[in-house]
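So the structure is just underneath, and the comments pick up after that.
Residue numbers (mature numbering (1 follows the signal peptide of the UniProt record, and there is no 0)): -21 to -1, 1 to 246.
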């Protein structure tokens, strides 16, 4: 269940300003006084072994979760940004470049862009920590499974419109590059993935295609439209330069934000 501190963190997220100037100030402030974001759950990079779906909560748990919607101060459904990895789990890497840091940087920018345009958004972490450490309800010795279930749980506890999970890719073939969006076997998820993919292809000037993420826990267990955005290949030199530069991260965040807004406008 959500700890009492979680409610205050949600209130803090809502209090973050929407103007561009204030958003820039927020990003700078976050570096020295990061919010402990909102909450929980995770997927690993496509280089890792696919996650095994966990069992779904009991009927009693589901009923309790539905009542939690009334506890949060959201006047409308939110866009949940799932920031991949964190803490002890660095994700994929290249030298001292860690995926978890890139995910956080892009996700913060995506959050600010959406808020600036008036779309309610929530980050499930806004600092470098493992979400599995906050999971006290899932009795499992596996940190990875606690992390995954924790990420999925938030979309059950607050009114959520859609979930966008931000990750970085890796490939043995270093010529492989560009963003790739994974989706559920569901129409709205496919549409969301297709629009974001088109926006990312414009950034990378390529023609990558969306793919169904059959083996991914978050996509299998989340009841709202959800996608995993692999923002680029850390194994590719051109992608790596884009993923690690402030300007490149902003281009990627803008592409994802444009895709989300286009999707919501099309509905």
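Glycine is no exception: its CB is placed at the ideal position from the N, C-alpha and C atoms.
Values in this document were obtained by computation on a predicted structure and should not be read as measured data.
How many angstroms separate the CA atom of residue i from the CA atom of residue j?
| i | j | result |
| --- | --- | --- |
| residue 72 | residue 214 | 8 Å |
| residue 246 | residue 70 | 34 Å |
| residue 90 | residue 98 | 9 Å |
| residue 74 | residue 158 | 21 Å |
| residue 236 | residue 93 | 6 Å |
| residue 186 | residue 101 | 30 Å |
| residue 162 | residue 181 | 19 Å |
| residue 191 | residue 109 | 27 Å |
Near residue i, what residues of its chain come up, given a Cβ to Cβ distance below 8 Å and the 5 sequence neighbours on each side ignored?
| i | result |
| --- | --- |
| residue 223 | 76, 81 |
| residue 216 | 153 |
Nearest by alpha-carbon distance to residue i: which of the options is it?
| i | options | result |
| --- | --- | --- |
| residue 78 | 196, 209, 179, 170 | 209 |
| residue 87 | 144, 162, 74 | 144 |
| residue 184 | 172, 62, 231 | 231 |
| residue 140 | 164, 196, 158, 168 | 168 |
| residue 84 | 228, 182, 61 | 228 |
| residue 243 | 170, 105, 226, 220 | 170 |
| residue 67 | 107, 179, 178 | 107 |
| residue 164 | 198, 101, 65, 104 | 198 |
Might you give, ordered along the chain, the residues of its own chain that have their beta carbon closer than 6 Å to the beta carbon of residue i, omitting 5 neighbours on each side?
| i | result |
| --- | --- |
| residue 212 | 148, 150, 155, 156, 218 |
| residue 204 | 141, 167, 168, 171 |
| residue 178 | 234, 237, 238 |
| residue 29 | Because the pLDDT of residue 29 is 32, which lies under 50, any placement of that residue in the model is unreliable, and the number read from its coordinates should be weighed accordingly. Only 194 meet the Cβ criterion. |
| residue 160 | 172, 175, 176, 189, 206, 208 |
Using 10 angstroms around the beta-carbon of residue i, count the other beta-carbons present and answer buried if the total reaches 16, otherwise exposed.
| i | result |
| --- | --- |
| residue 153 | exposed |
| residue 202 | exposed |
| residue 200 | buried |
| residue 193 | exposed |
| residue 220 | exposed |
| residue 136 | buried |
| residue 226 | exposed |
| residue 104 | buried |
| residue 59 | buried |
| residue 41 | The predicted position of residue 41 is uncertain, since its pLDDT is 40 and thus under 50; no value can be drawn from it. |
| residue 38 | Residue placement at residue 38 cannot be trusted, given a pLDDT of 36 that sits under 50; what the coordinates show is reported in the next sentence. Exposed. |
Once the 5 residues before and after residue i are set aside, which same chain residues still bring their CB inside 7 Å of it?
| i | result |
| --- | --- |
| residue 241 | 174 |
| residue 96 | 240 |
| residue 64 | 21, 70, 78, 79, 82 |
| residue 62 | 82, 83, 86, 102, 103, 104, 145 |
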